[in-house]
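J.: Using our numbering, the first residue of the sequence shown is number 770, and each one after it goes up by one.
Using N, Cα and C, we set each Cβ at its ideal position, and we do this for glycine too.
Computed from a prediction, not measured in an experiment: that's the story for all the values here.
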Amino acid sequence: MDCAAFFEAAGGQLGETVAEPSQQTAGGQCVYEFYHPRVRDHLGTEGLATSFNRSGVVWVPTGRQFAVTLRVPERYGEAVEEALDPAPLAFERTDHRGVSAPDGEMLTVLHFSLRSGGVSEEDVRGTLSALGTAAAV
């Protein structure tokens with residue numbers, strides 16, 4: 770799967786659901802970034818805190834390497850975990866951080882990640898599908 774096919778697959782699974790998606794190719798990597806809609810709902814998309822809570826998917830066709838970081842407010846964490854569970858590639862909760870929303874509300878943002886090499890196109894598509902379900906939470 771080249772970058773064009775990857776971007777088409779990512780956009781097809783995520784594009785209607787996520788906030789401010791973008792795509793770029795850099796150093797042989799296909800990078801698709803976005804905000805989870807609940808991050809946007811609670812933090813907006815203008816602040817510095819929000820820019821540090823952008824999610825992303827990276828595909829490296831030459832090494833068949835695939836990586837995802839998904840950031841969501843803690844209150845949606847359990848539902849997101851359930852949505853990610855059917856993915857052919859396993860996600861793990863890797864981090865969290867406290868963030869102040871523009872209205873003064875303090876949020877904990879959870880990070881779900883995966884990184885894998887030798888990944889099949891089928892696994893990429895299946896994982897993007899689960900990610901699309903998680904983005905709809």
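Name the two residues that bound the continuous alpha helix (DSSP H) containing E847.
T.: Residues G846 to L853.
J.: In this structure, does DSSP put S882 in helix, strand or coil?
T.: Strand.
J.: Give the straight-line distance between the Cα atoms of E777 and Q792, rounded to the nearest whole angstrom.
T.: Spanning the two alpha carbons is a distance of roughly 10 Å.
J.: Mind reading off the beta-carbon distance from L853 to A899? Whole number of angstroms is fine, and I expect it under 8 Å.
T.: The Cβ separation is near 5 Å, so the contact holds.
J.: Within a Cβ cutoff of 8 Å, which residues of the same chain sit near A773, ignoring the five residues on either side of it in sequence?
T.: Excluding positions up to five away in sequence, the list is empty.
J.: Give the secondary structure of A773 by DSSP, where H, G and I count as helix, E and B as strand, and everything else as coil.
T.: Of the three classes helix, strand and coil, the one that applies to A773 here is helix, per DSSP.
J.: Who are the Cβ neighbours of D771 in its own chain at under 7 Å, not counting the five residues just before and after it?
T.: P830, listed in sequence order.
J.: Among G901, F775, E890 and T819, which has the Cα closest to the Cα of T848?
T.: Note that residue 848 corresponds to Ala in the displayed sequence, not to Thr. When each option's Cα is compared against that of A848, the closest is G901.
J.: Spell out a yes or no on whether the segment 784-803 and the segment 857-868 are touching, meaning 3 or more CB-CB pairs, one atom from each, closer than 8 Å.
T.: The answer is no - the segment 857-868 does not touch the segment 784-803, with fewer than three Cβ pairs under 8 Å.
J.: Given that a residue counts as buried once 16 or more other Cβ atoms are within 10 Å of its Cβ, and exposed if not, what is H811?
T.: Looking at its Cβ environment, which holds 16 or more other Cβ atoms inside 10 Å, H811 is buried.
J.: Does G825 come out as helix, strand or coil in the three-state DSSP assignment?
T.: In this structure, G825 counts as strand in the three-state DSSP scheme.
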